């Protein structure tokens, strides 16, 4: 689904929609309309699944793209947030993930654990009761147990990303992070809880014991991932 990617245009539900002129208009003012129209279309998918009588056999995963356009200002927890699409900060990489499975996934749950897109395949395999082929390698961790709110469900401790943009003026970047710390291959180190926009890199020459422990944990994992032949 391309919605709600730019260019931001009127939808068929917009009062000023004109099929012949839709491609000629692009304005952040239409972003809200596109979100509403996307919500409508997702609702139609869910309704169809329910009408077909397969909603208790169907896991629907909804996930966002890599951040919102910088032209969009959203409100998160009472704070205005400028879209970070293309950037490697939390506002450019942390996206929504919603799971719907009638009668199985309890509605209204909020989970703050780390999830990576590599986790989708292992989750679908476990959901279907299938084993991963022995010769198939993946860094993904199934979050099936988390969907069912199991106490001992598997959780990932970190997320790794090798970013190589082919658009805009963004530079390649490689990093690893957990919920507290973020370490780039360049050595830049951030406290995501205190500095989510990564404005102030931590001076690694004078780390506290807690900072040092967090950095070393990520550093060792990063070296393991980047080792030749892996």
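Numbering (the numbering used here), first residue to last: 59 to 288. Ideal Cβ positions, reconstructed from N, Cα and C, are used throughout, including at glycine. This structure is a prediction, so every number in the text was calculated from the model and none was measured.
- Counting only runs of 4 or more residues that sit fully inside the region 91 to 155, the alpha helix (DSSP H) segments are 148 to 151, in chain order.
- Each residue's CA atom was taken as its position, placing residue 256 and residue 200 some 29 Å apart.
- Annotation for residue 173: no alpha helix (DSSP H) segment contains it, and DSSP assigns it neither H nor E.
- For residue 240, the enclosing beta strand (DSSP E) begins and ends at 239 to 242.
- One thing to note: residue 185 has its Cβ within 7 Å of the Cβ of residue 202.
- When secondary structure is reduced to three states using DSSP, residue 218 falls in the strand class.
- Counting the other Cβ atoms within 10 Å of the Cβ of residue 132 gives fewer than 16, which makes it exposed.
- About 29 Å separates the beta carbon of residue 143 from that of residue 166, a gap too long to meet the 8 Å contact definition.
- Under DSSP, the beta-bridge partners assigned to residue 249 are 239.
- If you check the CB distance, residue 89 and residue 130 come in under 7 Å.
- With respect to the C-alpha of residue 248, the residue from 64, 272 and 174 having the closest C-alpha is 272.
- Between residue 189 and residue 163, the alpha-carbon positions lie close to 22 Å from each other.
- Check the Cα spacing between residue 149 and each of 128, 158, 136 and 197: the tightest is with 128.
- Cβ neighbours of residue 173 within its own chain (closer than 7 Å, five residues either side excluded): 155 and 201.
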